[in-house]
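Scroll down for the structure; my scribbles are underneath it.
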Amino acid sequence: MNSLRTFNKNVRIRLYLNFFAIVTSTMVMPYTVVYFSNKIGPALTTSMILLIGIISIIGYILGGIITDRLGRKKIIVFSEMITGIGFIVVSYFDSLEVFYMLPILLSFSIIYFFETAANPAYSVLLIDSSEDEYRKTMYSYFMWMSSVAFALGSLIGGFFFENYSQILYFLVGVTSLISAIFTSVFIKDFYYEKIQKKEIGQQKRVAFNNKTNSNNKLKLFSAFFILLYLGSLLINLLSEQFPNYISVRIVSNYPISESVNITGYNMISILNLENTLITALVTGLIIKLTKKLSDKSNLIFGLILFISGYVLLSYFVHPIFLVLGMFLIAIGRLIYNPTLQTIVANAIPENTRGTVLSILGLMGALGGTLSGLFIWGSTFISEKMITCIFIGIGLTIIFIYINAYKIYKLKEDKQSKEKVFKSSNIQ
C-alpha cells in the first residue's frame, strides 16, 4: 500500500471509484443480454446489441474529441450524471409488471453512449495526474482492483439479478451519481487549467487551436501511432476469442471422455475463475519480479506468454493444457499490459491524448467485433488451420510492437539529449 501514497490524489480517488463502479455494473451488465433475450427474443436482442454497438462507437469518437477540447472532468461528471439517471429509469420500468421495451431500450442506448464517451476521459485523466516512473505500478493496481471488483460484482449478480434486477439497476445508478459528485468536488482537471491559461484572449485561443490541429495531423497518423492502432486491433482480435470461438470449441468438444466428467460450460467457468484468481493474487508478485527488467523485455516476453496461451487454448482440449493456456494468458497480460499502457501514456502529446485513446479504443472494439467471425469461419476451416492463423496473428503482434518500441525509444532518447543540451546551455 506504500505505492498508493505516491500517487496523485486524482489517481487514488479514481482507483476507488472505478472499483465500486465495476462491482455495481458487473452485477447487471453480464446478465442484461439474457434479460432482454427472455423479454423480447433472440432476434430483437441481436438487433438491439448492434444498435447499441453503433451508438457506443459514436460515443467513443465524440468523447475523445471533446475530452481534448473541454478537459477531462467536465465530460466525466456530465456522462456519469446521465448514466446514473439512465439506470434509475431502467430500474423504474423494470419494476413494473408490464415490460416497456422502448423506454428501456432508449435508456440503455443513452447509458452506453455516455459510458463510452467518458472512457477516453477516464484514461487521459490518469495520464495527466501521474508521473512517468509511477505509471506502470498505477496500471498494475487498476488491473488488480478491476479484477477483484469484476469477480465480486459477477458473484452478487449471479445470485440476485434474476429476482432483484430492479434493485441492482437502481444501485448502479446511485453509484454513478455518487461518483459524479466525488469527481466534481475532489478531482482536479490539470489539463483544463492549462487550456484556460493558454487561451487568454481570442487571438491566443485561435493560435493555440491552429497549432493543436496541425500537431494532431502529424502525431495521430505517424508510423508509431499507426502501429499502435494495428496492435490494439490484433490484440483484441485474439483476446476476444475466449468468449467467442474458443468457448464454442470447448463446449462442442466436452465431455472429452467418460473419465473426465466435466462439461464445456464447467471448463469455461474454471478458466474464468483461474484468470480472476491469478490477477487478484499474483499482481504484486509480478510487479516485484519484473521491476528490474527493461520495458522492452516486459513487453515482448509478456506478449509471447499471452499469445502462447491462446495457441494452447485453440489446439488442445484436455483440461491440463487449457488450464496451462489460461495461466500463460493471465501472467502474460499482467506483464505486458501495464508496460504497454505506460509506453502509450508517455508517448501521446498532451493535447491529443483523448483523441488517440479514443482511436485505440475503437480499433480494440473493431478487433473484438471481428473475433466473432472465427465462429462462422470454423464451419469451413479446420481447428488446426485456425491455430495456425492465431500463430500468424501472434507473430504479427510481436513484429508490430518490436518496431513500435524502436520508434518510441528513438524518440525518448532524442528528448533526453535535447534536455541535456538545453541544461548545458543554461549553465
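The opening residue of the sequence shown carries number 1 in full-length UniProt numbering; numbering runs sequentially from there. Glycine included, every Cβ here is placed at the ideal spot set by N, Cα and C.
TODO: Under 8 Å Cβ to Cβ from Y401, same chain only, skipping five residues before and after it: list those, please.
DONE: L227, G231, L299, I300, L303 and L340
- [ ] Taking 8 Å as the cut-off, decide whether the C-beta atoms of Y112 and G59 are in contact.
- [x] yes
Open item on the list: Which complete alpha helix (DSSP H) runs does the region 36-97 hold, if anything under 4 residues is left out?
Closed with: 42-70 and 72-94
Open item on the list: If you follow the alpha helix (DSSP H) that V260 is in, where does it begin and where does it stop?
Closed with: No alpha helix (DSSP H) contains V260, which DSSP labels as neither H nor E.
Task: Nearest neighbour of L410, chosen from E133, A223 and I389 [CA to CA] - done: The closest CA to that of L410, considering only E133, A223 and I389, is found on A223.
Open item on the list: Please report the straight-line C-alpha distance between G364 and L237, rounded to a whole angstrom.
Closed with: Roughly 8 Å between the two C-alpha positions.
- [ ] Name the residue from R333, G354 and Y254 whose alpha carbon lies nearest to the alpha carbon of H318.
- [x] Y254
Task: Sequence-distant residues of its chain with Cβ nearer than 7 Å to V124 (five each side left out) - done: Result list for V124: T67, R72, R353, G354 and L357, in chain order.
Task: Closest residue to G41 among N346, R333 and M101 (Cα-Cα distance) - done: Among N346, R333 and M101, the Cα nearest to that of G41 belongs to M101.
Open item on the list: Residues in the same chain with beta-carbon distance under 6 Å from residue 448, minus the five sequence neighbours each way, listed in chain order, please.
Closed with: One cannot answer for residue 448 here, as it falls past the ends of the chain, which runs 1 to 427.
- [ ] Using three-state DSSP, classify P120 as helix, strand or coil.
- [x] helix
Task: Beta-carbon contacts of P103 that lie in its chain and below 6 Å, excluding the five residues immediately before and after - done: F93
Task: Simplified DSSP assignment, three categories, for N8 - done: coil
TODO: Could you spell out the range, first to last residue, of the alpha helix (DSSP H) harbouring L237?
DONE: A223 to S239
Open item on the list: Here's the rule I'm using: 16 or more other beta-carbon atoms within 10 Å means buried, otherwise exposed. How should N38 be labelled?
Closed with: exposed
Task: 8 Å CB neighbourhood of S378 in its chain, flanking five on each side removed - done: Y245, V248, R249 and I386
Open item on the list: Quick test of your reading: I49 and V33, contact by CB under 8 Å. State the CB separation rounded to the nearest angstrom.
Closed with: 7 Å
TODO: Using beta-carbon positions only, say whether G158 and L168 come within less than 8 Å of one another.
DONE: no
TODO: Return the Cβ separation of G86 and I110 in integer angstroms, given the expectation that the two are a contact with Cβ distance under 8 Å.
DONE: 5 Å
Task: Cα-Cα separation between V344 and W376, rounded to whole angstroms - done: 34 Å
TODO: Tell me whether V23 is buried or exposed, calling it buried when 16 or more other Cβ atoms sit within 10 Å of its Cβ.
DONE: buried
Open item on the list: I'd like to check one pair, A117 with I75: are the Cβ atoms closer than 8 Å?
Closed with: With a cutoff of 8 Å on beta-carbon distance, I75 and A117 are scored as near each other.
TODO: Please confirm whether I88 and F160 have their CB atoms less than 8 Å apart.
DONE: Result no, Cβ atoms of I88 and F160 do not sit closer than 8 Å.
TODO: On a CA-only basis, which of T276, D189 and Y408 is nearest F225? Give me that one, please.
DONE: Y408
Task: Residue from I335, K292 and F321 with nearest C-alpha to M267 - done: For the residues I335, K292 and F321, the minimum Cα distance to M267 belongs to F321.
Task: Where K291 sits in the DSSP three-state scheme - done: Reduced to three states, the DSSP call for K291 is coil.
Task: Helix, strand or coil at I359 according to DSSP, with G and I counted as helix - done: DSSP places I359 in helix when its eight states are reduced to three.
Open item on the list: When you compare the CB positions of L273 and M143, do they come within less than 8 Å of one another, or not?
Closed with: No; because the gap between Cβ atoms is not below 8 Å, this pair is not in contact.
- [ ] Could you check what DSSP says for E131 in three-state terms: helix, strand or coil?
- [x] coil
Task: is_contact[I286, chain B] using C-beta, thresh 8 Å - done: Absent here is chain B; the protein component of the structure consists of one chain.
- [ ] Please check the pair V311 and A180, which I expect to be a contact at CB under 8 Å, by giving their CB distance rounded to whole angstroms.
- [x] With 8 Å as the limit, V311 and A180 do not qualify as a contact, their Cβ atoms being about 43 Å apart.
Open item on the list: Here's a check: name, in chain order, each residue in its chain whose Cβ is nearer than 6 Å to the Cβ of E115, leaving out the five neighbours to either side.
Closed with: T83
Open item on the list: What does the Cβ neighbour count give for A43, buried or exposed, with the cut at 16 atoms within 10 Å?
Closed with: exposed
Task: Beta-carbon proximity of V172 to V28, cut-off 8 Å - done: Contact annotation: V172 and V28 have beta-carbon atoms nearer than 8 Å.
Open item on the list: Taking the beta carbon of I54 as the centre, do at least 16 other beta carbons fall within 10 Å, making it buried, or is it exposed?
Closed with: By the neighbour-count criterion, in which a residue is buried when 16 or more other Cβ atoms sit within 10 angstroms of its Cβ, I54 is exposed.
Task: Pair within 8 Å by beta-carbon distance, I331 and I278 - done: In this structure, I331 lies near I278, with their beta-carbon atoms less than 8 Å apart.
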